[in-house]
Each structure stands twice: as C-alpha cells, then as structure tokens.
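Below: the structure, in structure tokens.
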Amino acid sequence: MKILIFLNLFLLHFINNSEELERCEGCNAYKCMEDDIAHCGPNGYLIAYGEKNCKNFYKPEIYDRFDELGKQFINCTGKCLIYNMELYLEKRAGDINCELIKEEGFHSHPKCYLDCGFCQVCKSNKYALLRAYDLKDFFSKEAIEQVYIVIKECGVLNCFY
C-alpha cells in the first residue's frame, strides 16, 4: 500500500512538472520568465518585444513565407534568444532590473542572428523578413544599434542586393 501511495505521488509530481515544462516551451518561455522571475509587466522587454516577435515569426502566414534556410534561422534564433535570456536571469537571480533585462535582450540579438546565419538568410528571405518585423520596433536606440552591428558584419550589399 505504501509503495502504491509513493508511486501515485511520484507520478503526480512528474505530471505536474511535465505540464510546467510544456507550458514554458518555445515562445511561451518569455511569459514564464516574466511571470516567474522578472515581473516587468506587459511593456517590459520579455512580453512587449521578446514574446511578441517570437510569436509573430511563428504565425503560419509569416513562417511559411520563409524557405528552408529561413525557417532554420527562425528556429535557431528563437532558441538562442530564449536561452541567452534564461541564462542572464539565472545569473541575476534575486537582483532583477527591468531596464537591464531589456539591454541584455537587445545585446544578445546580433550574436544570435549572426550565429544562426542571418547573413545568408537576409539575401534569399529579405521580403519574408520585412513582413515579419514590426517596423515600429526599429525606431528605438537599442534596435538601431543591433541592426547596425548585424549589417556591418554581413555587409550592406549582401542583404539588400
């Protein structure tokens, strides 16, 4: 009887943990980081920028416009950005600053983009990329800096001609 109770408790714990992991998969990771750690609100980087853009790239009407290389780029970049933010928040445990989260988030974009092959993708998927981004997001100082770093690395002519 004790073994049966133990097994039931173990299974219940395992099921709850599995549901939690599933809840925080993919783009939902941003909401989990916000709810569980950051508490920066709907205008903080995690929700207003990270989650919004992640979910936008995976909308079928956006994602399906990309060729195979473009889809690999989206998948790689999404994982990279989430991983970097999770690592950052883990290091900052107990000392969370919403402005620093935003800075770190933007700071990680160029490396993730470049490591995931943006310089190749921008040439063959430029129209899909243009449709995927919210152009309003490009008017912040942080966004302009990240675009500059990526374009400088790729070469202006590589992406636009």
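Using mature numbering (1 follows the signal peptide of the UniProt record, and there is no 0), the letters of the sequence shown map in sequence onto residues -20 to -1, 1 to 141. Yeah, the Cβ is synthetic: ideal placement off N, Cα and C, and Gly gets one too. Note that the structure is predicted; figures quoted are calculated from it, not measured.
| message | Among the candidates V130, C7, Y128, C134, whose CA atom is the shortest distance from the CA of E66? | response | C7
| task | Please classify K82: is it buried, with 16 or more other beta-carbons within 10 angstroms of its beta-carbon, or exposed? | result | buried
| task | Apply the 10 Å Cβ neighbour rule to L61 and answer buried if 16 or more other Cβ atoms are within range, or exposed otherwise. | result | buried
| query | By a C-beta neighbour count over all protein chains shown, 10 Å radius and 16 as the cutoff for buried, is P90 buried or exposed? | reply | buried
| Distance between D75 and C20 (C-alpha atoms, nearest Å) | 13 Å
| field | Cβ neighbours of C34 in the same chain (closer than 8 Å, five flanking residues each side left out) | value | If we look at C34 and ignore the five residues flanking it on each side, its Cβ neighbours are G6, C7, Y10, G58, L61, I62.
| field | Residue burial classification, G135 (beta-carbon count within 10 angstroms, cutoff 16) | value | exposed
| Taking the continuous alpha helix (DSSP H) assigned at N138, which residues delimit it? | 136 to 140
| Integer-rounded CB distance, given that Y107 should sit under 8 Å from V130 | About 18 Å; that fails the 8 Å criterion.
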